[in-house]
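Engineer: There's a structure below that I have some questions on.
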Amino acid sequence: IVQWIWGGFAVDNATLTRFFTFHFLFPFIVTAMVMVHFLFLHQTGSNNPLGTNSNMDKIPFHPYFSLKDLLGFIIMATSLIILSLVNPYLLGDPD
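Throughout the sequence shown, residue numbering follows the working numbering, covering 33 to 127 in sequence.
Structure follows, in structure tokens:
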């Protein structure tokens, strides 16, 4: 299994490439899973095995909040892109 996942026990270019690929992709995968979870939770509510009325406990997912969150994400992403395009080494290690 070490051979299949990491390419062997030695740390060489293929091993580092796989590690950095997994390290880069996992936060996006987790974020996508959280967004899908929120989407389905707000649409259907939680599990209701007793059959009681759970509509009063649902949190409404109002479009204002979606728009506000989208605008905040766009502002943060734009500022990070501008920062990395104007001065890419600003947040780097000084050594």
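We put the beta carbon where it would ideally sit given N, CA and C, even for glycine.
Beta carbon of residue 103, beta carbon of residue 115: below 9 Å?
Structural biologist: No, the pair does not count as a contact, with Cβ atoms beyond the cut-off.
Engineer: Among 37, 60 and 41, which residue has its Cα nearest to the Cα of residue 50?
Structural biologist: It is 37 whose Cα lies nearest to the Cα of residue 50.
Engineer: In three-state terms, what does DSSP make of residue 33?
Structural biologist: Residue state, collapsed to three classes: coil.
Engineer: Please report how far the alpha carbon of residue 55 lies from the alpha carbon of residue 97, in whole angstroms.
Structural biologist: Computed Cα separation, rounded: 31 Å.
Engineer: Tell me which residues share the same chain as residue 117 and place their Cβ nearer than 7 Å to its Cβ, disregarding the 5 neighbours each side in the sequence.
Structural biologist: Excluding residues within five positions, none has a Cβ falling inside 7 Å.
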